[in-house]
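As structure tokens, the structure follows; a few thoughts come after it.
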Amino acid sequence: MSEPNRVSKSITRPVGGTEYSWCRAIAGGTGIAVIALLLSRTPKLENLQNTLDKLQIYHPTLRSTFRFDASTSSFSLVTSADSRVEIQPFDSASTAQIIGDSDDPRAEPHRIILEHELNKNTWIDPHRWSNSECGVFFVSLYDLSDGEGRILTFRLNTGACDRTSAVTLLREFMRETTTTVAEDGCCDGHVEVEAGLGKAIEEMIPSGKGDKPFWARGIDVLGYSLNAFRFSNLSFVDAEDSNRRSQVVRMKLERDQTLKLVAGCKARGIKLWAAVAAAGMISAYSSKNLLENQGEKYAVVTLSDCRPILEPPLTPNDFGFYHSGILHTHDITGEEKLWDLAKRCYDSFTSAKNSNKHFTDMSDLNFLMCKAIENPNLTPSSSLRTALISIFEDPVTDEYPEQALASAGVKDYIGCASIHGVGPSIAVFDSLRDGKLDCSFVYPSPLHSREQMDELIQHVKAILLEGSVSSF
Numbered sequence: 002m003s004e005p006n007r008v009s010k011s012i013t014r015p016v017g018g019t020e021y022s023w024c025r026a027i028a029g030g031t032g033i034a035v036i037a038l039l040l041s042r043t044p045k046l047e048n049l050q051n052t053l054d055k056l057q058i059y060h061p062t063l064r065s066t067f068r069f070d071a072s073t074s075s076f077s078l079v080t081s082a083d084s085r086v087e088i089q090p091f092d093s094a095s096t097a098q099i100i101g102d103s104d105d106p107r108a109e110p111h112r113i114i115l116e117h118e119l120n121k122n123t124w125i126d127p128h129r130w131s132n133s134e135c136g137v138f139f140v141s142l143y144d145l146s147d148g149e150g151r152i153l154t155f156r157l158n159t160g161a162c163d164r165t166s167a168v169t170l171l172r173e174f175m176r177e178t179t180t181t182v183a184e185d186g187c188c189d190g191h192v193e194v195e196a197g198l199g200k201a202i203e204e205m206i207p208s209g210k211g212d213k214p215f216w217a218r219g220i221d222v223l224g225y226s227l228n229a230f231r232f233s234n235l236s237f238v239d240a241e242d243s244n245r246r247s248q249v250v251r252m253k254l255e256r257d258q259t260l261k262l263v264a265g266c267k268a269r270g271i272k273l274w275a276a277v278a279a280a281g282m283i284s285a286y287s288s289k290n291l292l293e294n295q296g297e298k299y300a301v302v303t304l305s306d307c308r309p310i311l312e313p314p315l316t317p318n319d320f321g322f323y324h325s326g327i328l329h330t331h332d333i334t335g336e337e338k339l340w341d342l343a344k345r346c347y348d349s350f351t352s353a354k355n356s357n358k359h360f361t362d363m364s365d366l367n368f369l370m371c372k373a374i375e376n377p378n379l380t381p382s383s384s385l386r387t388a389l390i391s392i393f394e395d396p397v398t399d400e401y402p403e404q405a406l407a408s409a410g411v412k413d414y415i416g417c418a419s420i421h422g423v424g425p426s427i428a429v430f431d432s433l434r435d436g437k438l439d440c441s442f443v444y445p446s447p448l449h450s451r452e453q454m455d456e457l458i459q460h461v462k463a464i465l466l467e468g469s470v471s472s473f
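Just so you know, the sequence shown maps onto residues 2 to 473 in our numbering.
Written out as structure tokens, the structure reads:
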């Protein structure tokens with residue numbers, strides 16, 4: 002494999018405010034990002050390692066570590082020229098044991114392994130990190146008992162690799178894998194070069210866009226704090242058990258169903274996320290069997306990729322965490338219709354974004370997240386739930402139809418991140434694959450049960466399909 006020379010020096014910088022919040026959150030179980038690929042053939046380990054080496058060379062973030070300074074309780078990002086991810090193998094007996102121990106052993110095997118990886122927290126206690134450092138990128142390969150399939154997983158620290166970074170990693174890995182297969186081990190696929198360890202998002206906010214008077218910031222923090230006690234939540238199944246895990250429910254629509262849903266959104270001048278969030282709120286309200294017209298206030302966090310609007314602008318090839326969230330609330334009485342609520346949801350978010358709330362409120366939300374971690378009793382039933390739903394402004398649009406996946410030796414894949422520390426009750430990771438909507442809904446267990454979430458998401462799907470039919 003032809004590869005550029007590695008630089009001889011390391012790069013170190015202190016983390017920014019948002020990255021610091023993720024370092025705090027991931028210790029409790031929120032922010033472990035995982036991609037699980039179900040492979041149709043056994044990869045050559047040498048080729049696989051070569052591909053990973055190449056991706057780490059071109060993306061310095063993937064060979065970075067978080068360094069913890071116990072004396073100041075501070076974190077830094079360190080990129081080393083010598084760092085190399087090693088593939089951790091699991092034989093078929095170990096994989097079978099993991100699948101057998103699942104509470105849903107008949108599910109898709111890669112979804113079970115995905116959940117297993119979501120709950121492998123390498124970053125749980127910075128005080129115990131080897132040499133006070135911990136990497137941001139881990140790779141495992143699981144053998145299935147049938148002797149034919151494999152599951153490859155990438156596990157990432159969200160503080161260094163957000164969803165856009167993970168998607169870029171996946172796409173470049175697929176491109177490299179396809180090239181390797183076609184050329185029998187010669188990895189000459191095109192990979193964009195990342196300039197180096199990027200700046201923190203706070204340093205790249207356009208001048209004047211993130212400004213807020215000190216008194217206004219104090220009022221907003223107080224307002225967020227007081228409103229949090231008024232937010233309604235999905236009913237808790239077990240709030241006493243603090244030993245939580247992230248679990249996943251998957252929802253898919255057919256191509257014609259997706260086409261109608263997307264067309265309904267376009268006809269109303271809204272984005273897909275608003276329809277999914279609205280269906281989630283309607284389903285959550287319905288699941289509680291409340292008295293007629295009894296009101297609930299639900300909080301939604303919509304995450305935007307800020308790369309194109311930073312100074313200077315970034316591209317998806319720039320790894321790091323460059324998303325920002327806007328929290329908006331909605332009063333629900335049970336009378337809402339999908340499209341009316343979706344429009345209200347979208348307009349609320351858009352108004353806040355046009356007012357630069359994704360920049361001006363960034364530090365406020367980071368502060369409150371850290372305060373919730375320190376004081377769980379500030380959240381309902383000490384659940385650490387800060388919203389009902391989190392969702393991305395734009396879905397991932399898959400570049401690989403089924404035929405392209407097959408040529409890369411991939412049957413299917415799922416990607417999402419853990420939320421069993423601080424976070425929402427439901428985190429939505431949506432993608433459009435070959436024209437079909439494919440969503441992974443992540444939730445904390447046993448705070449919420451799989452049965453509860455299965456019913457909730459089935460209702461979400463029914464609401465979306467019914468709305469799509471009545472869209473025209």
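From the three backbone atoms N, C-alpha and C, an ideal C-beta is built for every residue, glycine too.
Every value quoted in this text rests on a predicted model; they were computed, and no experiment measured them.
The three-state secondary structure of C307, taken from DSSP, is coil. Taking a contact as a CB-CB distance under 8 Å, the pair I100 and P110 counts as one, their CB atoms being some 6 Å apart.
For E204, same chain residues with a beta-carbon under 7 Å away, outside a window of 5 residues either side, are G17 in chain order. DSSP places A275 within a helical segment (H, G or I) once states are collapsed to three.
Inclusion of S93 and G410 in the CB contact set at 8 Å is not warranted, their separation being larger than that value.
Here the alpha carbons of W23 and D239 stand approximately 25 Å from one another. Here A264 is exposed: its Cβ has fewer than 16 other Cβ atoms, across all protein chains shown, within 10 Å. When secondary structure is reduced to three states using DSSP, E297 falls in the strand class. Look at K358 here: in three-state DSSP terms it is helix. P445 is not a Cβ neighbour of R164, given a cutoff of 8 Å. The alpha-carbon separation between K462 and A280 amounts to approximately 8 Å.
The beta carbon of L311 sits closer than 6 Å to the beta carbons of M205 from its chain, once the five residues preceding and following it are set aside; these are given in chain order. Around the C-beta of D144, 16 or more other C-beta atoms lie within 10 Å, and the residue is accordingly described as buried.
If only uninterrupted alpha helix (DSSP H) runs of at least 4 residues are considered, those enclosed by the segment 99-163 are 110-119. Between I152 and L46, the CB-CB gap reaches or exceeds 8 Å. Restricting attention to F155, S356, L171, F67, the CA atom closest to the CA of G209 is found in S356. By the Cβ-count criterion, Q404 is exposed, with fewer than 16 other Cβ atoms from all chains shown falling within 10 Å of its own Cβ. Per the C-alpha coordinates, the member of A418, N294, R434 positioned closest to R112 is A418.
By the Cβ test, the segment 50-59 is not in contact with the segment 120-137, since fewer than three Cβ pairs between them sit closer than 8 Å. By the 16-neighbour rule on beta-carbons within 10 angstroms, R85 is exposed. Under DSSP, C440 shares a beta bridge with M252, D431.
When rounded, the separation of the alpha-carbon atoms in P377 and W124 is 20 Å. Taking C-alpha positions only, G296 is separated from I283 by approximately 12 Å. Straight across, the Cα-Cα distance linking M175 with V35 is about 16 Å. Looking only at P447, N294, R156, the smallest Cα-Cα distance to D242 is reached by P447. Between H359 and S325, the CB-CB gap stays under 8 Å.
Taking C-beta atoms as the reference points, S288 and L457 count as a pair closer than 8 Å. Just so you know, the alpha carbons of Y299 and I114 end up roughly 32 Å apart. In the three-state reduction of the DSSP assignment, S81 falls in the coil class.
Among the bridge pairs identified by DSSP, I415 is matched with A37. Y286 places its beta carbon 8 Å or farther from that of C307. For F67, the uninterrupted beta strand (DSSP E) segment begins and ends at 65-70. The DSSP-derived three-state label of L385 is coil. Annotation: the continuous beta strand (DSSP E) that includes L328 extends over 324-333. In the DSSP secondary-structure assignment, P425 is bridged to A388.
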